[in-house]
Structure formats: structure tokens, C-alpha cells
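A.B. asks: Reading the sequence shown from the start, the letters are residues 0 to 165 in this note's numbering. Heads up, the beta-carbon is just placed ideally off N, CA and C, and yes, glycines get one too.
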Amino acid sequence: MTATPTGSKTEDGALRLLRVFPIDQQELWKLLTEPAETDRWIGPWSGDPASGSVELTLNAEEGRPAMEMRLIDCDASTHRLVVESSPQDGEVWRLQLQVLSDPEGSLLEFVMPNLEPTQAGSIGPGWELYLDRLLAAAAGQDPEAIRFDPDYYPALRDYYELLFKP
Numbered sequence: 000m001t002a003t004p005t006g007s008k009t010e011d012g013a014l015r016l017l018r019v020f021p022i023d024q025q026e027l028w029k030l031l032t033e034p035a036e037t038d039r040w041i042g043p044w045s046g047d048p049a050s051g052s053v054e055l056t057l058n059a060e061e062g063r064p065a066m067e068m069r070l071i072d073c074d075a076s077t078h079r080l081v082v083e084s085s086p087q088d089g090e091v092w093r094l095q096l097q098v099l100s101d102p103e104g105s106l107l108e109f110v111m112p113n114l115e116p117t118q119a120g121s122i123g124p125g126w127e128l129y130l131d132r133l134l135a136a137a138a139g140q141d142p143e144a145i146r147f148d149p150d151y152y153p154a155l156r157d158y159y160e161l162l163f164k165p
């Protein structure tokens, strides 16, 4: 089933995605920060967060690549998580996640500042995929049933290329 694009471009050029979850803020926070829980939708992480970084293994990617995630802000009291990673040489991705209260449970705001317009056609669909996998995990469904190709990419490529067209 082809996914529906939900992303928007902020005034300062960031990618912004929102998802409403049928669980409370604390349960969603666990899905975002505990290794056994992240394994359900994006992949497990290892290492000591007190060191300032952990290694995340992406379980929906071909070859299950691992990437270092630098912890910029991880505040359980405000449900705010900010990480940086360098998936390619010289490139830095900053990911900002905020869990908010919502009448239906909780709301996740995902923001990726400084998204290069030339990469929007693949990165936008990729984050749609991972957030839908997170939603499936929160709803007790199987995240593995959600596939990138062809439901997210190339299906959502044109939407994101147009959205971030300079």
C-alpha cells in the first residue's frame, strides 16, 4: 500500500513530520530511547549514553548499517531528544524529536533542520517510513510489514522533491 506523504517544510527550510500515537508520552518516550524498544521499529542501539554517543543499527536498511548517534539533548522530563549523526562523509544530520501530550495519547514532532533540497526525495520518504514503523510498534502492529520500496520510495519521492525545490 502506497504511503501518504505528511511532511512539511518549515520557514527555515527544515523537514517537519508529525504523528499522533495511541499511547501516553512516557510510553512513546520509551519507544524512542530504550534499546529494546527502538529495536522494534528502527533498530537497537548500544553504548553508554553518558559518554555522549551511542551506536544505532538500522534494522530496516539493507545490510543493517550502524551509525554513531551523538546525544545533544535527551531530557526525559520534557520528552525532548536531539541527536546528530554523520551517515556520509562530512555530512551532519541533526534530528530533533519532541513528545507532546495529545487528546488521543501523544504527539511526536520530528524536525530535521538544514535538509539539502537534493536529498529531500529520499530522506523525506525514509523518515516517513521510520515514523510509520514507530506508529505500528506503538499500536501493537508489526513494523516489519512496512516496506520502503515501493510504498515509500519511489512513491513519495516527487512530493518531497517538489516540497524542497529551491
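#1: With a 10 Å radius around its C-beta and 16 neighbouring C-beta atoms as the bar for buried, classify glutamate 127 as buried or exposed.
#2: Can you name the start and end residues of the alpha helix (DSSP H) that aspartate 101 belongs to?
#3: Using the rule of at least 16 other Cβ atoms within 10 Å of the residue's Cβ for burial, across every protein chain shown, is serine 105 buried or exposed?
#4: Can the beta-carbon of alanine 119 be found closer than 8 Å to that of phenylalanine 147?
#5: Look up aspartate 72 in the DSSP assignment and give the residues it is bridged to.
#6: Can you tell me the Cβ-Cβ gap for leucine 14 and valine 110, rounded? I've got them flagged as a contact below 8 Å.
#7: Please name the residue in Leu70, Leu94, Arg79, Asp157 whose C-alpha comes closest to that of proline 124.
#8: Considering only the alpha carbon of each residue, which of Pro165, Tyr159, Glu160, Tyr151 lies closest to methionine 0?
#9: Can you name the residues that DSSP bridges to leucine 14?
#10: Between leucine 134 and the rest of its own chain, which residues show a CB-CB distance below 6 Å, the 5 nearest in sequence each way excluded?
#11: Is tryptophan 203 helix, strand or coil when you go by DSSP?
#12: Using C-beta distances below 6 Å, list every residue in its chain close to proline 112, excluding the 5 sequence neighbours before and after it, in chain order.
#13: Do you know how far the Cα of valine 91 is from the Cα of serine 85?
#14: Can you give the beta carbon distance from glycine 42 to leucine 57, rounded, assuming they're within the 8 Å contact cut?
C.D. replies: Per the coordinate set shown:
#1: buried
#2: It is not in any alpha helix (DSSP H) - aspartate 101 instead sits in the beta strand (DSSP E) that spans 92–101.
#3: buried
#4: no
#5: Val81
#6: 7 Å
#7: Asp157
#8: Tyr151
#9: Lys8, Met111
#10: Arg18
#11: In the structure as shown, the chain begins at 0 and stops at 165. Residue 203 is therefore absent and cannot be evaluated.
#12: Ala13, Arg93
#13: 5 Å
#14: 5 Å
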